[in-house]
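Numbers -17 to 408, taken from the working numbering, label the letters of the sequence shown in order.
Here a beta-carbon is modelled for each residue, glycine too, at the ideal position from N, C-alpha and C.
Computed from a predicted structure; not experimentally measured.
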Amino acid sequence: MIRGGTVVDAGGRRRADVRISPIDGTILEVGPDLDPGAGGAGVIDAGGCLVTPGLVDLHTHLREPGGEEAETIESGSRAAALGGYTAVVAMPNTNPAIDDAATVRQVLELGAKALCDVRVAGAITVGRAGKQLAPLAEMAELGVRLFTDDGCGVQDSQLMRRALEYAGPLGVTLAQHCEDQALAGGGHLHEGEWSSRLGIPGIPAEAEELMVARDIALSRLTAAPVHFLHLSTAGSVELVREAKARGLRITAEAAPHHFTLTAAAAGGYDPIFKVNPPLRTDDDVTAVKAGLADGTIDAIATDHAPHTQEAKEEPFDQAPPGMVGLETALALALTELDLPVERVLALLAWGPAAIAGLTGDHGGPVQPGRPANLTVIDPAAEWTVDPDRLASRSRNCPYAGRRLTGRVRHTILRAEVVVLDGEAQR
Ligand code: DOR
C-alpha cells in the first residue's frame, strides 16, 4: 500500500492511499485512510508526496544495439525509473537502426527485464537514410506506434508524404526531427550572437521551422497525424499553435534543455552544451514555456542522449550532440516552469502516454483495475545535480551543481517497487 499521499491524475487531486496487488500488478483500492493491514508490512510511505501515474518519456536514446559503451537498455531503464518513468520510447538511431521487425523484437526482448516498460520507435526509412520507406507494417504488428528517423528529419517531401499515407491506415504516428539539412548547413550551434562570437557555424531557427511548416502541410494533405520532436524555436511553437487552431492532427514535445538553457551556455566552447536542435535564445525559451503552458506543446520529452566522456571531450565542432536527461527532467519542470503541478504531470505522464498509444498501461487514471504503474514524488525535496551520481552510463549532463526542487521518491512498475526512497531496487 502507498500510504499518506495526494493522488494527482488527469481527474485532479485528492488525499488517498493506494492498495496494489503484487499478484496481478494492478491497483486494487484507492481512498482515504485505507486499512494498512496487520503490522503494516508492505506499506510505502508517501507522506507529503504526490502519487501520480508513472511518467512516460517519448524520446529516449537507449543506445542498444551498437552504442553500449554510452548506455544500455539496462542502465538507461534504471536511470528512467530513478527519474520517475514507468515507460520510455526507445529511439531507433541505434547501430543497426531499428528499422525492421527483427531489431524491434531484439530491443523489446532486452527491455522485458528492464526497470521500466521499454517501447520502441521504429525508423521511417531503411537505415534512417531517408531514401526508402522502412517496413512500417511489420513493426506496427509488434506494437510499434511511433516512427521517426530522429537524429535527422526526412528530407524528401514526397517520401514523407508516402510515409504519412502509409502510416494513417496503420494507426501509427510519424514523429519528425525537424531540420532542413541543407539550410542547417552542418552547423553546431544556434545561428546568432553566440555562433558569431565563437566563430562556430550556426543552425538558423528557420532550418527547424521550414520542416515544421512542411509537415503541417503534409499532415493536412494526407490527414495523417504528425508529432514534432523537441521543438526549440518561437517560430515553431507559433506554427504548431496555428495548426492546432485549424484542427490539424498535430502534437508536439519540448525537451527540458530547451526551456532551461540558451546558446549563451555554450560560451565557453564546452561540448556538454552541444545538442541538436541547438540551445536557442531567451525569446525561444519564453515561447517554449508559453507553449507548454497553453497546450500548444503536449509533452515534455527528455531527448536523453548519452555519449561517452571521450566523445564529449572532442572539440565543439566534432563532439556529438546530446545531453542525458532522464534523471533531471521532472525536477527541472517542477523547478523552472511556473505551472501548476497538474499541468507539469500532464506534460510528463498522461500527455505523452496518449501520443505513444500507451494509455492502456500508463498515464493513469489512478483507480482500481488499472495497472499499478505509479510514481511517488516529493515536491518539496531540494537537491543538487551531481553528474557522477547518475545511473546512466554517461555523464553528459549540463546541470552539474544546479539546485532543483522536487524529487522522485518511489517508482512502481506493475506493482513492483523498482525505486524505493530514491534507490533502485535491482
Ligand atoms: O542532440 C541530439 N542527440 N539530437 C538528436 O537528434 C540525436 C541525439 C543523439 O542520438 O545523440
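Across the structure, threonine 76 and threonine 107 are spaced so that their CA atoms are roughly 13 Å apart.
Taking the Cα of alanine 328 as reference, the smallest distance to any Cα among His289, Ala283, Pro350 is reached at Ala283.
The continuous stretches of alpha helix (DSSP H) do not include glycine 388, which lies in the beta strand (DSSP E) extending over residues 385 to 395. Runs of the alpha helix (DSSP H) lying entirely within the region 77 to 110 and spanning at least 4 residues, in chain order: 83 to 93. DSSP places leucine 32 outside any alpha helix (DSSP H); the residue lies instead in the beta strand (DSSP E), whose first and last residues are 32 to 35. Using a Cβ distance threshold of 7 Å, aspartate 285 and alanine 237 count as a contacting pair.
Residue burial is scored here from C-beta neighbours: glutamine 158 has at least 16 other C-beta atoms within 10 angstroms and is therefore classed as buried. Three or more beta-carbon pairs separated by less than 8 Å are not found between the region 239 to 258 and the region 218 to 225, which leaves the two stretches without contact. If only uninterrupted alpha helix (DSSP H) runs of at least 4 residues are considered, those enclosed by the region 287 to 316 are 291 to 294. For the set Cys98, Pro297, Gly383, the Cα lying nearest the Cα of alanine 69 is the one of Cys98. Leucine 124 and glutamate 235 have their C-alpha atoms spaced approximately 24 Å apart. The distance from the Cβ of threonine 204 to that of leucine 146 is about 4 Å, consistent with a contact at the 8 Å cut-off. Under a 10 Å Cβ-count criterion, lysine 256 is classified as buried, with 16 or more other Cβ atoms of the shown protein chains found around its own Cβ.
If you look at alanine 157, you'll find it isn't in any alpha helix (DSSP H); it sits in the beta strand (DSSP E) that goes 155 to 158. The region 159 to 230 contains, as complete alpha helix (DSSP H) runs of 4+ residues, the segments 163 to 166, 175 to 180, 187 to 204, 216 to 227 (chain order). Residue state for tyrosine 67 is assigned as strand, using DSSP reduced to three classes.
Residue range 264 to 276 is occupied by the alpha helix (DSSP H) that includes leucine 274.
A direct Cα-to-Cα measurement between histidine 240 and proline 347 gives close to 29 Å.
In the structure shown, the three-state DSSP call for isoleucine 337 is helix. With contacts defined as CB atoms closer than 7 Å, glutamate 309 and leucine 64 qualify as a contacting pair. At a Cβ-Cβ threshold of 7 Å, threonine 393 and glycine 30 do not count as neighbours. The C-beta distance from leucine 118 to valine 86 rounds to 11 Å, too long to meet the 8 Å contact threshold. Annotation: leucine 16 is outside any beta strand (DSSP E) and is labelled neither H nor E by DSSP. Per the C-alpha coordinates, the member of Arg396, Arg389, Thr366 positioned closest to glycine 345 is Arg396.
Apart from sequence neighbours up to five positions away, the residues of its chain that approach alanine 195 with a beta-carbon distance below 6 Å are Leu221, ordered along the chain. The count of Cβ pairs closer than 8 Å, one atom from the region 350 to 363 and one from the region -6 to 11, reaches three, so the stretches are in contact.
Between the region 290 to 310 and the region 365 to 384, the count of Cβ pairs shorter than 8 Å is three or higher; the stretches touch. Leucine 316 and glycine 383 have their C-alpha atoms some 17 Å from each other. For glycine 304, the closest C-alpha among the options Glu51, Val326, Ser376 is that of Ser376. With a cutoff of 7 Å on beta-carbon distance, serine 214 and proline 259 are scored as near each other. Straight-line measurement puts the Cα of glutamate 224 at about 28 Å from the Cα of leucine 37.
Between the C-alpha atoms of valine 33 and leucine 340 there is a straight-line separation of about 19 Å. Secondary structure at histidine 239: helix, using DSSP grouped into helix, strand and coil. Residue range -12 to -9 is occupied by the beta strand (DSSP E) that includes valine -11. Taking the Cβ of asparagine 258 as the reference point, at least one heavy atom of the ligand DOR falls within a distance shorter than 6 Å.
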